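Each step along the sequence shown adds one to the number in the UniProt record's numbering, with nothing skipped, and position 336 is 336.
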Amino acid sequence: MASFDAFYGNAKAPMLYEKEFESKKCINYQMNNYRSSTHYRSHNNPNAGRRSKTSSLDVLISSYKEVLQSGNEKKNVELEIRFPNLNYQTFSSIYSELLRGERIKVGQGKLSQTVSIGVKNEDKHARFNPIYSSNIREIHFEHGEKKKECYYQKNSLFRQFSKTNWRNLSYKVSLSTETPIMKKVFSTNGQALIRVKIRTSFLYTPSKAQENVGPESQPLWRIDATIVKELQNGNNDWTTKIRSIKETMFKTNPPMTTQNLLSVLAGTTDEYNYELEIEFVAPPSRGQHIRQEDIIVAADDILNIVNPGYTQEVIYQSEVYQVAQLLVQSEALLSRYERDYGLKQLLPKVTALTRIEYRKKYPPPAGGLYLTDKTDGYRALAIVRPSIVRILANRLYEFTPPMQAAEEPINIIAIVDGEFVPYGDREGEPASTQGVGGKFHAFDVITAMGEDVYKLPFEKRIPFLEETVKTLRTHGVTAVAKEYVHLVEKSPAVLEEQIKTVLNWNDSHLTSSPTDSSPYLVDGLILVEPGKSFMETCSYKWKGAEHNTIDFLARKAPVSLLGTPPFANRTEHTLYFLFVGITRDLYNALALQFYPGYSQLFGDENTVSVETLPNYFPVQFAPSGFPLAYVYYHPNNSPLGGIDGKVVEGRVRNYSLLSGLEDEDTLPQLIDWEMVRIRDDRNRDLLSKKYFGNNFRIAEIVWFNYIDPFPLQQLWEGPSSGYFIEEKLWIYKPHAGFVSYVKGLHIKTLANSHWVVDLGAGKGQDIKRYFNARIKNLVMVDKDAAALSELIRRKYNYLDKQRNNKQFTYDRPHFKQHQNSWSGRPGLSTMLHVILTDLTLSHEKILAKFSLQGLRPRNADAVVCNLAIHYLLGSMETLQNFAALVRNTLKPGGELIITAMFGELVHGLFMSNGIALNQSWDVHENGELKFSLRRKYASNSLEKVGQLIEILLPFTHGIYYEEFLVNTDAVIDEFVSRGFVLKTKYSLADALASFEKDNKRDYNLLTEGDKEYSSLYGVMVFSLSEA
């Protein structure tokens, strides 16, 4: 990569044209900062792609030349580049560099002090017209003493051209005229804008001179660095205010100079506005030679002061935009890639693979799956031209063919998707040629040999990999093509052999460090579905729990929170909070809340309202059931150093505590995080303010891979079947639908409750009903990690359906919020709390887990136990423990709803049909066994507890499961003894008439066997006495 000076050419210090400098009648006045959304064609992109458009900057320059040719000597034509609303740090760094004159050659600075009073001219079309006109009175001072004043009218001639880069340092190009007016024409009103200004002006010639143009025709500019205090003329006291401000700003001790300007400025730095303008001040004859490139070069000179790597960043963004022109169809979305969107937004995402998701893909479906290993590097694009290769990764890398000098890029030969592993990754240094810099692992192709292949299906793009990699190598890039194994066999043994081959299997572990057989770090596997174009390709990454990571934005905790529970001080550690990104819609849908102190990190006021934030913003990482997961204590001796404001990749150190793999009574309140590395490759995304670590949804799904680990061997053996994981066969749907209908009737009665607890929630079969009932806080408890993982998936599936109904676009930050807000609609304001625990655990410990979710004892509106109480009827101790749990969870007047298979009905069925020990009562349909209950107890009487049966469940695929008979009299007695009142008890047979009335079509699907079997189930509803 050429140096900055070589890239732009060496600039000589300009002459100081004193006559031209002084002849300027009045320093320009900027009345308003219009926020235009117009964009320009990216420079450094001569092959600017398949879509072209006329630059508004070109049109603005043409207009400038036309105005010059009009020859009105009284009008001063202003062509300006403006950097409005700079912060003090940025302004100070630019100003200091201008004084030094080392990186940008300028003349001696000239100080001026002015007060300008601007009154906007009324225009009945102003609402629709961005062009404005204002009359201005400008008073000039020297060390606080008035020297002269002038009056002029300023007219904007052209809509401002606006450019915003990914660091959000924007500039605007404006065209206006200033015409002297008589004093009597000027009058103030209550809308006058008063600006007290201190300005230092420097003449300079941009660093890159025009070619084939003599010195007398080179552009000449003036840089104005201005400090402003503004006030609105809202009353008649404005003259007093001006006098007071003038005295403090202009009359300093020691007297103000260009050198001491910042140090003698009165007050605090946040009292002022900071602006920088570059005005073209050459004679009109030179104005005829100005080009778009001259303006870009002048702006770049300033941007390179702020960020020395700006030139490379511009090239990087330009290349992203060019690729986006191929892949992005939306014109509105495409414009974002000119300014701030990067590879993260452009390239197809790789989804974390969960056990639940893999069940849909195992064994390999028709067409199979393509498998490769996951290189632990940076997602990257390699863009190949005859004279240069640019790799867009954590930064820009450039390679040129050996023995060939870099030339201006021309036609693209190839665009390759892959992972880049830098050698040493010397941040801030341009990559050298001849392969030095890193290794590119190519895994997909967008363009090959000048031909676009991105519309081809994946399996037809892969053959181009080797050819494109050879091209990369000829340019000095160390590159390899990823190898894929096509998984089509359904045999576990064959799948195991194929997967282990890809992994370079060694001692039953993934490669944790480079070896001879695996010369790069592998932290997982990639599965790709064939048959889709590049942008539609679905890829999944499998990682073992030990390699499972989440990307966070880390922020140091506000000092005001330190020492307050649960934010204790910890020796040799610094407290950080971990954030991920979320849309406003999803934030509201999940009923999340900001933690105390959020506004101190991300807001300007004491409180932050979600309505005042942009559509996509950071939120603390608090997945369902783990409200303090965002709390992290960072070791002060960490090799990463401080991480405030950085994107970090973290993993849970002892995840077995979360997954229940260890015998632990309670889940940890704080998570034992380990930060693996700083994601410097996300700096571009972070500064765009459209990225704050992983998206909340992605982060939560990855998180639940800790709760429900996905072992490697299950890739070939198939995901193990949790109790609830198998889907019901279609023949059971009518029966299940009827049971769900009855459950739904009771959930509806809980509408708008603040706290509802579902004990034995399974995989969230009722989550939609709870959402539709607009429960404020829903606590779902189960001991099956796989079921709870599926519950989280169902939560997002439900929200997806709302999005597809155009109620919101919660996980797409680049789309505007839908005008028809979902606000007020059912099911979109429930905070879900998930607790992994066994209900046989002592009720005190379970209550402690509730407290971690914010549910205080005796504060819930309702407890629901659907088809789960039979687990707890093995002994009187477990029944009593369950009753104590419910008693201490519900508030007075709260309800307990139990749906269960009634033991007395089952026992009566066995006795009336002569079903003996180990015999079964069965229901057959169409010659197949549909329902079956097997008697596993000998007693001819119904006992309170402890009587086992085996049951063929709708989702067990022929496998019997044990459960205990539910003696409803024993249950009623236990709860009544604890202050409960039985409100209702009925068999589901009593609800058939209501089901027929409300759901005639579904009722007609019920068979006689369904009705007979369903009649064994029933509902009990209790109310806790107010006493």
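C-beta atoms are modelled at their ideal positions from N, C-alpha and C, and glycine is treated no differently. Note that the structure is a prediction, hence the values are computed from the model and not measured.
Considering residue i, what are the terminal residues of the beta strand (DSSP E) in which it resides?
i: glutamine 620; result: 616 to 620
i: alanine 862; result: 860 to 866
i: proline 255; result: Where proline 255 is concerned, there is no enclosing beta strand (DSSP E), given that its DSSP letter is neither H nor E.
i: asparagine 777; result: 777 to 782
i: aspartate 444; result: 438 to 448
i: glutamate 138; result: 133 to 142
i: tyrosine 691; result: Where tyrosine 691 is concerned, there is no enclosing beta strand (DSSP E), given that its DSSP letter is neither H nor E.
i: phenylalanine 1022; result: 1017 to 1024
i: alanine 554; result: 550 to 556
i: arginine 651; result: 646 to 652
i: tryptophan 755; result: 755 to 759
i: threonine 889; result: Where threonine 889 is concerned, there is no enclosing beta strand (DSSP E), although the alpha helix (DSSP H) it sits in stretches over 876 to 889.
i: lysine 163; result: 161 to 164
Identify every residue that forms a DSSP beta bridge with residue i.
i: tyrosine 632; result: Tyr576
i: leucine 788; result: According to DSSP, leucine 788 bridges with nothing at all.
i: arginine 379; result: Glu419
i: arginine 195; result: Ser116 and Glu230
i: cysteine 538; result: Looking at the DSSP assignment, cysteine 538 forms no beta bridge with any residue, so it has no partner.
i: threonine 177; result: Val77 and Asn155
i: aspartate 831; result: The question names aspartate, yet the displayed sequence has methionine at residue 831. Partner(s): Asn777.
i: glycine 531; result: DSSP lists no partner for glycine 531.
i: threonine 478; result: Lys439
i: isoleucine 526; result: Thr372 and Lys541
i: histidine 486; result: Tyr370
i: threonine 200; result: Leu111 and Ala225
i: leucine 396; result: Leu392
My assumption, with CB atoms under 8 Å, is that residue i sits in contact with residue j. Please give the rounded CB distance.
i: glutamate 674; j: glycine 650; result: 7 Å
i: threonine 968; j: phenylalanine 902; result: 5 Å
i: residue 1047; j: leucine 343; result: Since the first residue of the chain shown is 1 and the last is 1027, residue 1047 is not available in this structure.
i: alanine 785; j: aspartate 708; result: 4 Å
i: arginine 679; j: valine 702; result: Rounded, the Cβ-Cβ distance is 15 Å, inconsistent with contact.
i: leucine 953; j: arginine 935; result: Going by Cβ atoms, the distance from leucine 953 to arginine 935 rounds to 17 Å, so no, they are not a contact pair.
i: threonine 837; j: isoleucine 775; result: No, threonine 837 and isoleucine 775 are not in contact; Cβ-Cβ is about 20 Å, not under 8 Å.
i: proline 635; j: histidine 573; result: 6 Å
i: glutamine 191; j: lysine 120; result: 7 Å
i: threonine 164; j: serine 170; result: 4 Å
i: serine 1025; j: leucine 832; result: About 30 Å; that fails the 8 Å criterion.
i: glutamate 761; j: valine 781; result: The sequence given here has alanine at residue 761, not glutamate. Yes, they are in contact, since the Cβ atoms of alanine 761 and valine 781 sit about 6 Å apart, within 8 Å.
i: phenylalanine 458; j: tyrosine 358; result: Not really, about 19 Å apart at Cβ, beyond 8 Å.
Under DSSP, the alpha helix (DSSP H) around residue i begins and ends at which residues?
i: arginine 679; result: Arginine 679 -> no alpha helix (DSSP H), and no H or E assigned at all.
i: glutamate 97; result: 88 to 100
i: serine 335; result: 331 to 339
i: methionine 182; result: Element bounds for methionine 182: n/a, residue is neither H nor E.
i: valine 739; result: 733 to 748
i: proline 711; result: Counting along the chain, proline 711 falls outside any alpha helix (DSSP H), and DSSP gives it neither H nor E.
i: asparagine 1004; result: 1000 to 1005
i: leucine 586; result: 584 to 589
Taking 7 Å as the cut-off, is the CB of residue i close to at least one heavy atom of the ligand ZN?
i: threonine 372; result: Absence of the ligand ZN is noted for the structure shown, with no ligands found whatsoever.
On the three-pair Cβ rule with 8 Å, is the region 235 to 254 touching the region 284 to 293? no
Check whether the region 694 to 703 touches the region 348 to 355, taking contact to mean three or more Cβ pairs, one atom from each stretch, closer than 8 Å. yes
With a floor of 4 residues, list each alpha helix (DSSP H) that falls wholly inside the region 257 to 296, ordered by position along the chain. 261 to 264 and 284 to 287
Contact between the region 480 to 492 and the region 539 to 558: three or more CB pairs below 8 Å? no
Do the region 746 to 761 and the region 849 to 863 touch if we need at least three Cβ pairs shorter than 8 Å? yes
As an exercise, report each continuous alpha helix (DSSP H) stretch of at least 4 residues that is fully enclosed by the region 896 to 929, in chain order. 903 to 912
Could you pull out every unbroken beta strand (DSSP E) segment of at least 3 residues lying fully inside the region 345 to 394, listed in chain order? 350 to 352, 369 to 375, 378 to 385 and 388 to 392
Report yes or no: do the region 65 to 80 and the region 256 to 272 share at least 3 C-beta pairs separated by less than 8 Å? no
4-residue-minimum alpha helix (DSSP H) runs that sit fully inside the region 936 to 960, ordered along the chain: none
Inter-stretch contact (C-beta, 8 Å, three-pair minimum) for the region 874 to 884 and the region 765 to 772: no
Restricting to runs no shorter than 4 residues, where is the alpha helix (DSSP H) found entirely within the region 963 to 991? 968 to 976
Check whether the region 172 to 183 touches the region 81 to 98, taking contact to mean three or more Cβ pairs, one atom from each stretch, closer than 8 Å. yes
May I ask you to verify whether the region 971 to 985 touches the region 883 to 896, counting CB pairs closer than 8 Å and requiring at least 3? yes
Assess, as a yes-or-no matter, whether the region 106 to 116 is touched by the region 288 to 303 under the definition of 3 or more beta carbon pairs within less than 8 Å. no
Determine contact between the region 1001 to 1009 and the region 973 to 980, defined as no fewer than three beta-carbon pairs at a distance below 8 Å. no
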